[in-house]
Amino acid sequence: MDTSLIRNFSIIAHIDHGKSTLADRLLLFTGAIDERKFKNQLLDDMDLERERGITIKASAVRLAYKANDGKDYVFNLIDTPGHVDFCYEVEKSLRAGEGALLIVDATQGVESQTVANYFLAVDNNLEILPVLNKIDVTTIDLDYMKIQLMDTLHFHEKDIVPVSAKEGIGIKELFEKIVAFIPAPEGESAAPLKALIFDMKYDIYKGIIIYIRVFDGIVRSGKRIKMMHMDKEYGIEEVGVFTPGPVKVKELAAGEVGYITCNIHEPRLVRIGDTVTDADRPVAEPLPGYRHLNPLVFCGVYPVNSKDFMALREAIEKLRLNDPSFVSEPESSQSFGNGFRCGFLGLLHMDIIQERLQREYDLNLILTTPNVQYVIEMRDGQQLHIESPNDLPDAARIAQIKEPFLQVTILTPVEHMDGVMELAKRKRGTFVSSEFLSDRMKIVFDMPLSEVIVDFNDMLKSITRGYGSIDYKFKDYLPTSVSKLDIMINEKICDAFSFLVHKDKAYEKGLALVTKLKDLIPAQLFEVKVQASCDGRIISSARIKAMGKNVTAKCYGGDISRKRKLWEKQKEGKKKLKQIGNVEIPQEAFTAALKL
């Protein structure tokens, strides 16, 4: 195929600025789908995406468009997520194209993820086309929004395309602009094959479906290929494109985006970012691939029924196929037996993975309290990286503990600046810089990861009435003062609730968790004592009364000694139960611990 007629691009934006709606409208305009089959979030094929109204996985689709110059163009469009937890999906998608549509909500303006995604696209040497969406809203000031884009991100006014994805306004003009603005891919079909694996998914019949962008050469079924990083050879079974459903094609040439299957059913044999080349005529150097993203949040994932351990293992391997930012390793717990210690990019990422494991693989799971990774410098010069509070060495052997800090960028209207400063101070943030961006303030803080991941974004939205936005990136490990907080149920440590906490907040967190558990743990046949312990002392305690049972209900009148005898027998029985009985802790208690 003539590469001058191909345009490969991603759609990037802050969350809720209309990426998926615009992608739907582009599909409808080019006839990839008709009005009958049209539905909102068409490319978001996961139930979870449709329920939450967010994009979790990037989706690739091929569109055919006849331009005003009479030529038939092929567009390879990749719709990406907007949430900061899924930035890896955005990065993967950007590497597969030559350009990006940067969508900006005309009612909200430039927000923090808009800026972050803009620089991500710049780092990947992409041509960035600014698109002002939601121009059908009557209250917007379009000229002012254009000035904001020009001031903040230095775009030219002639390049800004105003559209309404919902109403279909300006879509024809956008297509023409894409043809003129985004460069055609470079590459030689006659050269040895060089293609990038940018995504994958598992199919029970075909095995692993591998999404590729071909840079040089041709891919066709029956061809022998080699995956350079894994150093393995396979025969191609099927070649195809998404339009948006999978359609078989004879071949994919240089500049094209599509999928291949090689009858691979073992997830460990394929890696995102690997380079595909000819087995008999390989290229000398592989493509750069992707940077390795380190997880920020860790927690234990255990099956409620220990028999499901192998099913959980298989499910985790399949999920990691298209999400390399999710990591796991086996671990065991005194409370739950065998499970996995898993790493995520944030709490939303963790929540989505849990939901997918439960829905797609029908697993019943328990997740322990999330922790971040700490660096422990020992007195003997050794350095440890710990993700689980149970791995914390004895305090006498520790020279210094370091915790991960983020560089947090906040965009907020000027009138809310004092509230944002106060919130950052409460969250142990250190002010770095501030600058005016049009009518907004861009404020940068250094802040501990443990303070940001839980509820910082919600609190920021509350203080700024929804107009504040946040972006963050990992900065470094800095010295801190942390202790291990244990929750004891009937004087036995429940390791699932243990977490590392800053010493200044130990009492506050311990009291909150004990109070919550007192309400959530159901009454047992014996009294239950819930305690929070930190640095060898009890900092909070509560009791859950035993279930009442009237053992003297059948005693009418008579000697009191008979009743006393029954009461003593009941007391002895409860004491014995307390020693041998297990306390049932519902999943809601673990969920509540996450929210604290």
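Residues 0 to 595 (numbering that gives the first Met the number 0) are what the sequence shown spells out, left to right. All residues carry an ideal CB built from backbone N, CA and C; glycine is no exception.
query: Does the stretch 183-196 come close enough to the stretch 149-167 that 3 or more CB-CB pairs lie under 8 Å?
result: no
- prompt: Can you find at least 3 beta carbon pairs, one from the stretch 230-243 and one from the stretch 254-261, that sit closer than 8 Å?
  reply: yes
message: For V103 and A12, which I take to be in contact (beta-carbon distance under 8 Å), what is that distance rounded to the nearest angstrom?
response: Position 104 of the sequence shown, counted from the first residue, corresponds to residue 103. Position 13 of the sequence shown, counted from the first residue, corresponds to residue 12. Between A12 and V103 the Cβ distance is about 7 Å, and since that is below 8 Å, they are a contact.
message: Three or more C-beta pairs under 8 Å: does that hold for the stretch 237-251 against the stretch 205-224?
response: yes
- request: Work out the CA separation of K70 and L344 for me, nearest whole Å.
  value: Indexing the sequence shown from 1 puts residue 344 at position 345. Indexing the sequence shown from 1 puts residue 70 at position 71. So the two alpha carbons sit approximately 44 Å from each other.
query: Since Q353 contacts L366 with CB under 8 Å, what's their CB separation in whole angstroms?
result: The sequence position of residue 353 within the sequence shown is 354, counting from 1. The sequence position of residue 366 within the sequence shown is 367, counting from 1. Sure, about 6 Å apart at Cβ, within 8 Å.
query: In the structure shown, what three-state DSSP assignment does M546 receive?
result: Here residue 546 corresponds to residue number 547 of the sequence shown, with the count starting at 1. Reduced to three states, the DSSP call for M546 is coil.
task: Express the C-alpha separation of P447 and I134 in angstroms, rounding to a whole number.
output: The sequence position of residue 134 within the sequence shown is 135, counting from 1. The sequence position of residue 447 within the sequence shown is 448, counting from 1. If you take the alpha carbons of I134 and P447, they lie about 39 Å apart.
message: Quick check on the burial criterion: 16 or more other C-beta atoms within 10 angstroms. Buried or exposed for K176?
response: Sequence index remark: in the sequence shown, residue 176 carries index 177 (1-based). Its Cβ being crowded by 16 or more others within 10 Å, K176 is buried.
field: P266 in three-state terms, based on DSSP
entry: The sequence position of residue 266 within the sequence shown is 267, counting from 1. Helix at P266.
- prompt: In terms of residue numbering, what span does the beta strand (DSSP E) encompassing Q399 cover?
  reply: Here residue 399 refers to the residue found at position 400 when the sequence shown is read from its first residue. Note, Q399: beta strand (DSSP E), 397-412.
Nearest-angstrom Cα separation, counted from K317 out to E359: As a first step, residue 359 must be located in the sequence shown, where it is residue number 360. As a first step, residue 317 must be located in the sequence shown, where it is residue number 318. Near 11 Å, if we compare the C-alpha coordinates of K317 and E359.
query: Could you give the distance in angstroms between the alpha-carbon of S111 and the alpha-carbon of N456?
result: Here residue 111 is taken as the residue at index 112 of the sequence shown, counted from 1. Here residue 456 is taken as the residue at index 457 of the sequence shown, counted from 1. Those two C-alpha atoms are separated by around 12 Å.
field: Collapsed DSSP secondary structure at G580 in the structure displayed
entry: Residue numbering aside, residue 580 sits at position 581 when the sequence shown is read from its first letter. In this prediction, G580 has a pLDDT of 48, which is less than 50 and means its spatial position is unreliable; what the coordinates show is noted afterwards. DSSP places G580 in coil when its eight states are reduced to three.
message: Classify I203: buried if its beta carbon has 16 or more other beta carbons within 10 angstroms, exposed otherwise.
response: Here the question's residue 203 lines up with position 204 in the sequence shown. Result: exposed.
- request: Report all residues from its chain with a CB closer than 7 Å to the CB of G509; omit the five preceding and five following residues, and keep chain order.
  value: Along the sequence shown, read from residue 1 onward, the residue named residue 509 stands at position 510. Closer than 7 Å at the Cβ level, and outside the excluded window around G509, lie L484, A531, C533, I538, S539.
- prompt: Taking the Cβ atom as the reference point for each residue, do G221 and S188 lie within a distance shorter than 9 Å?
  reply: Stepping through the sequence shown from its first residue, residue 221 is reached at position 222. Stepping through the sequence shown from its first residue, residue 188 is reached at position 189. Not in contact: G221 and S188 (Cβ atoms no closer than 9 Å).
task: In the DSSP assignment, find the beta strand (DSSP E) that holds H501 and state where it starts and stops.
output: Start at 1 with the first residue of the sequence shown, and residue 501 comes out as number 502. Where H501 is concerned, the enclosing beta strand (DSSP E) stretches over 498-501.
- prompt: For S387, is the classification buried or exposed, using 16 other Cβ atoms within 10 angstroms of its Cβ as the cut-off for buried?
  reply: Here residue 387 is taken as the residue at index 388 of the sequence shown, counted from 1. With 16 or more Cβ atoms within 10 Å of its Cβ, S387 is classed as buried.
field: DSSP bridge partner residues for H384 (one or two, in chain order)
entry: In the sequence shown, counting from the first residue as 1, residue 384 sits at position 385. DSSP, once it has assigned bridges, lists V374 as partnering H384.
message: Please tell me whether P403 and K504 are closer than 9 Å, where the distance is taken between their beta carbons.
response: The sequence position of residue 403 within the sequence shown is 404, counting from 1. The sequence position of residue 504 within the sequence shown is 505, counting from 1. Going by C-beta atoms, P403 is not nearer than 9 Å to K504.
Best match in D68, C298, A105 for proximity to G338 [C-alpha to C-alpha]: Translated into the one-based positions of the sequence shown, residue 338 becomes position 339. Looking at the Cα atoms, C298 is the closest of the given residues.
task: Using the Cα positions of V599 and S497, report the straight-line distance between them to the nearest angstrom.
output: No information on residue 599 is available, as it lies outside the stretch 0 to 595 that the chain covers here.
query: Can you tell me where the alpha helix (DSSP H) with K171 in it begins and where it stops?
result: Position 172 of the sequence shown, counted from the first residue, corresponds to residue 171. Here the alpha helix (DSSP H) through K171 covers 170-180.
Spatial distance of P294 from M349 (CA atoms): Taking the sequence shown and counting its residues from 1, one reaches residue 294 at position 295. Taking the sequence shown and counting its residues from 1, one reaches residue 349 at position 350. Answer to the nearest angstrom: the Cα atoms are 11 Å apart.
- prompt: Looking only at its own chain, which residues have a Cβ that is under 8 Å from the Cβ of P266, when we skip the five neighbours before and after it?
  reply: Residue mapping note: residue 266 aligns to position 267 of the sequence shown, counting from 1. Taken in chain order, the residues that qualify are Y201, I207, E316, K317, R319, L320.
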